[in-house]
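S.K.: Protein chains in written order, with the numbering used here: chain A, 5 to 142; chain B, 866 to 1155. For glycine and all other residues, C-beta sits at the position ideal for the given N, C-alpha and C.
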């Protein structure tokens, strides 16, 4: 029985923007978007000895929420000196600028106090990550 | 070692490692529906008692209500050519007990037949059946407890000494601490196949871990530890292993794709019917082991 591959992304978009404000200062941004990956989730449940067990009706029948994030960067290049063979630059960036919680995996948990109640609990890897980098080239 | 506690510890540690910079959040998702199925959980053991069969129905994933129970079905247990009728419990719906209390016998076949119910609501009744042969399994000799200490987890570890027969065997283990059954539900059962010690004498197989951090499990010298060895069939072993995997959760780095827990009930039902043998041994934790 065919099922969607785990890497099946009908829509996959990357918008990349970069601009040099001055010869030494550059800014950049990118926005990545892709359709949520197929995922196997239950369509029903049954209970044995108080444990809730899932009923699956197909593999990768569902999809996780779509993935998208926005990154910014600012690069400041050091002054070019004729007697120096290397050039440095500072880079200030923000990964996932609007802190979207992109779903990495989805699990179901039973409430400890009310065992008949189940929740969908998602795990996300990164929220917003600012970074400062110093690069040099020679 | 395939005990549920260490399995959970492993999954827990791997989830911890992969979630070092990540978090969890409860979200709302929409799930579809599927047709209702019969769910059976029936066991016959070597103990002399009214053996039980529980019948219920599946439901929508977020139904958030106790599973619907099946009342008024006809449940019959067959063994050695004779039918043993079962009757419904007068106060607990969905629970059927054998009319007579009897001791299951190793190497005997047991079959169950469920009829007079209409799960798919088409007006025609259905018949469900399953069978299981009670294995005899290993001859239990004794157990030993030693105290284990580590930065992650500490507690008394229980080891089993037994002689495993040459054929393929599967086991489940139960542990009581002072009359309190610690392995009281599916997710806590310890199971083990004999792949690594088939046909040999088992010199101290780890069969239980009483974690100090769990108040109910934490044991001290003077506590009585009772160990029960069940020789189970392969269908029940697979059922428990798969159910525990589904209960434990999914980690993309280490987990395989989720799947329905296997069953030995026919006609599209879920659950399990099994016969298992019972051997027990107790000891009191001595002072010197800590």
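Would you report the Cα separation of residue 1117/B and residue 1012/B, rounded to the nearest angstrom?
M.R.: The alpha-carbon atoms of residue 1117/B and residue 1012/B are separated by roughly 34 Å.
S.K.: State the CB to CB distance for the pair residue 995/B and residue 1008/B, rounded to an integer number of angstroms; the pair is presumed to be in contact (CB under 8 Å).
M.R.: So it is not a contact: roughly 32 Å between Cβ atoms.
S.K.: From residue 950/B to residue 45/A, what does the alpha carbon distance come to, in whole angstroms?
M.R.: Computed Cα separation, rounded: 39 Å.
S.K.: Could you say which of 58/A, 129/A and 7/A lies nearest to residue 1125/B if we only look at CA atoms?
M.R.: Ranking 58/A, 129/A and 7/A by Cα distance to residue 1125/B puts 58/A first.
S.K.: Given a cut-off of 7 Å on the beta-carbon distance, is the pair residue 131/A and residue 103/A in contact?
M.R.: Cβ distance < 7 Å, so residue 131/A and residue 103/A count as in contact.
S.K.: Tell me which residues of the stretch 1116-1133 of chain B have at least one Cβ-Cβ distance to chain A shorter than 8 Å, keeping chain order.
M.R.: Flagged, chain order: 1116, 1117, 1122, 1123, 1124, 1125 and 1126.
S.K.: Who are the neighbours of residue 906/B on chain A, taking C-beta pairs under 8 Å?
M.R.: Under the 8 Å cutoff, chain A gives 52 and 53.
S.K.: Taking the continuous beta strand (DSSP E) assigned at residue 1074/B, which residues delimit it?
M.R.: Looking at the DSSP string, the run of the beta strand (DSSP E) that includes residue 1074/B is 1066-1076.
S.K.: Are any of the Cβ atoms in chain B nearer than 7 Å to that of residue 126/A?
M.R.: For residue 126/A, the answer is yes, since a Cβ of chain B falls inside 7 Å of its Cβ.
S.K.: Please classify residue 866/B: is it buried, with 16 or more other beta-carbons within 10 angstroms of its beta-carbon, or exposed?
M.R.: Low local confidence applies: a pLDDT of 43 at residue 866/B is under 50, so the model's placement there is unreliable, and no value is given.
S.K.: Run through DSSP, which three-state label would residue 1052/B get?
M.R.: Looking at residue 1052/B - three-state DSSP - the assignment turns out to be helix.
S.K.: Quick one: measure Cβ to Cβ for residue 973/B and residue 999/B, integer angstroms, because I've assumed they're closer than 8 Å.
M.R.: With a Cβ gap of about 6 Å, residue 973/B and residue 999/B count as contacting.
S.K.: Check whether the stretch 105-125 of chain A touches the stretch 889-898 of chain B, taking contact to mean three or more Cβ pairs, one atom from each stretch, closer than 8 Å.
M.R.: Judged by Cβ distances under 8 Å, the stretch 105-125 of chain A makes contact with the stretch 889-898 of chain B, as three or more pairs qualify.
S.K.: Report the residue from 1021/B, 1075/B and 958/B whose alpha carbon sits nearest the alpha carbon of residue 936/B.
M.R.: Comparing Cα-Cα distances from residue 936/B to each of 1021/B, 1075/B and 958/B, the minimum goes to 958/B.
S.K.: Would the stretch 68-86 of chain A count as touching the stretch 48-57 of chain A if we require 3 or more Cβ pairs under 8 Å?
M.R.: With the cut-off at 8 Å, the stretch 68-86 of chain A and the stretch 48-57 of chain A do not touch.
S.K.: Between residue 1108/B and residue 902/B, is the Cβ-Cβ spacing less than 7 Å?
M.R.: No, the Cβ-Cβ distance between residue 1108/B and residue 902/B is not below 7 Å.
S.K.: Return helix, strand or coil for residue 1107/B, following the three-state DSSP convention.
M.R.: The answer is helix: DSSP assigns residue 1107/B an H, G or I state.
S.K.: Between residue 48/A and chain B, is any beta-carbon pair separated by less than 7 Å?
M.R.: Answer yes: the Cβ-Cβ gap between residue 48/A and chain B drops below 7 Å somewhere.
S.K.: Specify whether the stretch 1074-1087 of chain B and the stretch 1132-1146 of chain B touch according to this definition: at least 3 beta carbon pairs, one from each stretch, less than 8 Å apart.
M.R.: Because the criterion of three Cβ pairs below 8 Å is not met, the stretch 1074-1087 of chain B and the stretch 1132-1146 of chain B do not touch.
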